[in-house]
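Since the structure comes first, as structure tokens, the remarks are kept for the end.
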Amino acid sequence: MSNRRMSLKHIEAFRVVMQAGSMTEAARRLHTSQPQVSRLVAQLEAIAGFALFTRSGTRLLPSLDGKRFFQDVEKAFAGLQGLEAAAANIRTFGGDRLAVAAMPRIAGGVLSKAVAQFTRDHPGTLVTIHSGAAATVNTWVSGGLCELGLAVLYGDDVPGMRVETLLRMDCACVLPRGHQLAPQRQVQASDLDGEPFVSFPLGSGPRERIDQVLAAAGVRPRTVLESDLGASVCSLVALGLGVSVINPLAALDEQRNLALEVRPFRPAITVRLAILLPPDAPHSRLAAVFSDRVRRVIDAELAHIQPYRR
901 MSNRRMSLKH IEAFRVVMQA GSMTEAARRL HTSQPQVSRL VAQLEAIAGF
951 ALFTRSGTRL LPSLDGKRFF QDVEKAFAGL QGLEAAAANI RTFGGDRLAV
1001 AAMPRIAGGV LSKAVAQFTR DHPGTLVTIH SGAAATVNTW VSGGLCELGL
1051 AVLYGDDVPG MRVETLLRMD CACVLPRGHQ LAPQRQVQAS DLDGEPFVSF
1101 PLGSGPRERI DQVLAAAGVR PRTVLESDLG ASVCSLVALG LGVSVINPLA
1151 ALDEQRNLAL EVRPFRPAIT VRLAILLPPD APHSRLAAVF SDRVRRVIDA
1201 ELAHIQPYRR
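So the mapping is simple: the numbering used here equals the position in the sequence shown, first residue as 1, plus 900.
Given below as structure tokens:
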């Protein structure tokens, strides 16, 4: 028996000769020369220590030992094919699960469209959507319940979270239809002094950011109602209970169904639509592919907020 070790080239040459029934045909299938195939088979016989074929004139017949060895070779190749299938399953995220958290409006809009496109490309992946307020999304992601989150951020930082900004946009002023400020092309902070105002709850990111801007302008609107949901804020405004300042995603979407006027607000209050990721966990390939899908959906679906984009 040779001290040389079997290689995949030896095994592949033997296997194809067994399948083809001749060295010449095996060489054609392997895109090499017949002498090269003969050399590999002879080396394999030397390594194995027994004849794999018997020669009778021009005929090449497998020996009994060769037939037994071929059975084990086929088992090995079946195992390789299983590894190929396993690699394909991993490559296409087959059997994977992805939990995504988002604020309600994003969950029902951008996120749902991204999930629909993603699952068409990766039908073996189960995507779960969790919907909640921005603080809840933060908690779900930081606590490991969700691999990533989508939220509109009014502040610069999110403590204990990695943030990937997808889109920067300026807030809009929402007014009841027919409001005295509606004829203006944009609403200044000074226009809201003394106006009944529908605000976000004290302590929330939107409330703090908007209050800072209004206070810096020396403006004191009259807060009459509070809500932590953009849809609710817009509904209250449409009912004539006050005016408000809100991110343009909410304002423009609600304008389709409510008696709302939407105008640019100055000075600009810039907010971000962002992906939130756990601070320490590695960004998985699955999450990265999904994030890229979200970016493409944003580019395709949010053209209507162009006047408010940064």
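Quick reminder that beta carbons are idealized off the backbone N, C-alpha and C, glycines included. All values derive from a computational prediction rather than experimental measurement.
Residue i to residue j span [Cα, whole Å]
i, j, result
"Arg955", "Gln919", "16 Å"
"Ala986", "Ile1169", "Residue placement at Ala986 cannot be trusted, given a pLDDT of 49 that sits under 50; what the coordinates show is reported in the next sentence. Those two C-alpha atoms are separated by around 49 Å."
"Gln1230", "Ile1175", "The structure shown does not extend to residue 1230, since the chain is modelled only from 901 through 1210, so no value can be given for it."
"Gly1130", "Arg1005", "8 Å"
"Arg1193", "Glu1161", "32 Å"
"Val1124", "Val1063", "34 Å"
"Gly995", "Arg1077", "Unreliable positioning characterises Gly995 in this predicted model, as indicated by a pLDDT of 48, which lies under 50. A coordinate reading is not provided."
"Thr1025", "Ala999", "11 Å"
"Asn1147", "Pro1083", "21 Å"
"Gly1104", "Gly1055", "Residue 1104 is actually Ser in this sequence, not Gly. Cα-Cα distance, rounded: 10 Å."
"Glu1201", "Ser1191", "15 Å"
"Ser963", "Arg929", "22 Å"
"Leu980", "Thr932", "23 Å"
"Ala1035", "Gly1060", "12 Å"
CB contact flag (residue i, residue j, <9 Å)
i, j, result
"Pro1164", "Arg1085", "yes"
"Pro1101", "Gly1142", "no"
"Leu1158", "Cys1134", "yes"
"Arg1120", "Leu1114", "yes"
"Val1137", "Leu1075", "yes"
"Ala1001", "Leu1050", "yes"
"Arg1196", "Ala1014", "yes"
"Leu876", "Ile1198", "A question about residue 876 goes unanswered here, because the residues of the chain that appear run from 901 up to 1210."
"Thr1028", "Arg997", "yes"
"Cys1071", "Val1189", "no"
"Leu1053", "Val916", "no"
"Ser1090", "Ala1117", "yes"
"Met1003", "Val1037", "yes"
"Leu1186", "Glu1047", "yes"
"Glu1126", "Arg1107", "yes"
8 Å contact criterion, which residue i and residue j should meet: CB distance rounded
i, j, result
"Val1041", "Pro1207", "About 31 Å; that fails the 8 Å criterion."
"Pro944", "Met906", "The sequence as given places Leu at residue 944; Pro does not occur at that position. Rounded, the Cβ-Cβ distance is 7 Å, consistent with contact."
"Asp1153", "Gly1009", "7 Å"
"Ala951", "Asp972", "Not a contact, Cβ separation roughly 16 Å."
"Ala942", "Phe969", "About 15 Å separates the two Cβ atoms, so there is no contact after all."
"Val937", "Ala927", "5 Å"
"Gln1088", "Arg1166", "5 Å"
"Ile1205", "Leu1149", "7 Å"
"Leu940", "Ala913", "4 Å"
Residue i, enclosing beta strand (DSSP E) - first and last residue
i, result
"Val1027", "Leu1026 to Ser1031"
"Val1124", "Arg1122 to Glu1126"
"Ser1099", "Pro1096 to Ser1099"
"Ala1001", "Arg997 to Ala1002"
"Arg865", "Residue 865 lies beyond the residue range present for the chain, which begins at 901 and ends at 1210; the question has no answer from this structure."
Extent of the continuous alpha helix (DSSP H) to which residue i belongs
i, result
"Ser938", "Gln934 to Ala948"
"Glu912", "Leu908 to Ala920"
"Leu952", "Looking at the DSSP string, Leu952 is not in any alpha helix (DSSP H), and its letter there is neither H nor E."
"Leu1011", "Val1010 to Asp1021"
"Pro1106", "Gly1105 to Ala1116"
"Ala926", "Met923 to Leu930"
"Val1137", "Gly1130 to Ala1138"
Test: residue i CB closer than 9 Å to a CB of chain C
i, result
"Ala920", "Within the model displayed, chain C is absent; a lone protein chain is all it includes."
- Query: Can you list, in chain order, the stretches of the beta strand (DSSP E) that have 3 or more residues and sit fully within the stretch 1151-1193?
  - Reply: 1160-1166 and 1170-1177
- Message: Threshold first: 3 residues or longer. Then list the beta strand (DSSP E) segments lying entirely within the stretch 1026-1077, N to C.
- Response: 1026-1031, 1048-1053, 1062-1070 and 1072-1076
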